[in-house]
Amino acid sequence: MSETESSTSVAASPAGIEQTTTSGIVGTTAGTVSVEDLAVALEDVVDPELGIDVVNLGLIYGIHIDESDVATIDMTLTSAACPLTDVIEDQARSATDGLVQDLRINWVWMPPWGPDKITDEGREQLRALGFNV
Numbered sequence: 050m051s052e053t054e055s056s057t058s059v060a061a062s063p064a065g066i067e068q069t070t071t072s073g074i075v076g077t078t079a080g081t082v083s084v085e086d087l088a089v090a091l092e093d094v095v096d097p098e099l100g101i102d103v104v105n106l107g108l109i110y111g112i113h114i115d116e117s118d119v120a121t122i123d124m125t126l127t128s129a130a131c132p133l134t135d136v137i138e139d140q141a142r143s144a145t146d147g148l149v150q151d152l153r154i155n156w157v158w159m160p161p162w163g164p165d166k167i168t169d170e171g172r173e174q175l176r177a178l179g180f181n182v
């Protein structure tokens, strides 16, 4: 990752909720788990069609962790017609097991995903697989 992608900014907000932006992902946490730690864990979730993790593909739009360490991930897919949501959900649960109490995925379609959302690291991974990006 480049320095700008791996940077984290944190802002205090009311009621002890911490707002964070890390790797382009906007997040909030009121629990004991950081948005950055959860984003790192989600790098183990690989898009089955492209073979690149969902974080570097830019599929994660937001991470919200409540005071009970229940995480809600705002996530999209490269295509709304993708038949592999169950596979991605299973991988996400496995990757975050023991880190959060529960994981919920909120599938979102706006804004639509596009190649502009891929991180520099994701582009390098795609090139290594033979994609021209």
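Just so we're aligned, residue 50 is where the sequence shown starts under this note's numbering, counting upward by one. A virtual CB, placed ideally from N, CA and C, is assigned to each residue, including glycine. Model, not experiment: these values are computed from the prediction.
Between the Cα of residue i and the Cα atoms of the options, which residue gives the shortest distance?
i      : options                        : result
Asp118 : Ile101, Ala130, Leu87, Val103  : Leu87
Trp156 : Ala129, Gly100, Gly76          : Ala129
Leu175 : Glu85, His113, Thr145, Glu98   : Glu98
Met159 : Arg172, Leu126, Gly171         : Leu126
Gly147 : Val103, Thr81, Ile74, Thr77    : Thr81
Thr168 : Ala141, Val103, Gly111         : Val103
Ser83  : Gln140, Val182, Cys131, Thr145 : Thr145
Val95  : Glu85, Asp135, Thr78           : Asp135
Cys131 : Asn105, Lys166, Asp115, Trp162 : Trp162
Glu116 : Pro164, Asp165, Ala177, Ala79  : Ala79
Val170 : Leu133, Asp139, Leu106, Ser143 : The identity of residue 170 in the sequence shown is Glu, whereas the question assumes Val. Measuring from the Cα of Glu170, the nearest candidate turns out to be Leu106.
Ala177 : Ser143, Arg142, Asp165, Gly100 : Gly100
Asp139 : Asp93, Pro164, Lys166, Asp165  : Asp93
Ala141 : Thr77, Pro164, Leu91           : Leu91
Can you tell me whether DSSP reads residue i as helix, strand or coil?
i      : result
Asp93  : coil
Asp118 : coil
Ser62  : Confidence in Ser62 is poor, its pLDDT being 46 and thus under 50, which makes the residue's placement unreliable; the coordinate value appears in the next sentence. The answer is coil: DSSP assigns Ser62 none of H, G, I, E or B.
Ile74  : strand
Val182 : coil
Val136 : helix
Val149 : strand
Ser83  : coil
Ala129 : coil
Gly163 : coil
What does a CB cutoff of less than 6 Å around residue i pick up in its chain, not counting 5 residues either side in sequence?
i      : result
Met124 : Leu108, Ile109, Ile154
Thr121 : His113, Arg153, Asn155
Asp151 : Val119
Who are residue i's beta bridge partners in DSSP?
i      : result
Met124 : Ile109, Trp156
Asp102 : Val95
Can you find the residues in the same chain that come closer than 8 Å, C-beta to C-beta, to residue i, ignoring five residues on each side of it along the sequence?
i      : result
Arg172 : Val182
For the putative contact between residue i and residue j, defined by C-beta atoms under 8 Å, what is the C-beta separation to the nearest angstrom?
i      : j      : result
Ile137 : Gly111 : That pair is no contact at about 16 Å.
In chain order, what residues of the same chain lie with their CB nearer than 7 Å to the CB of residue i, ignoring the 5 residues before and after it?
i      : result
Gly179 : none
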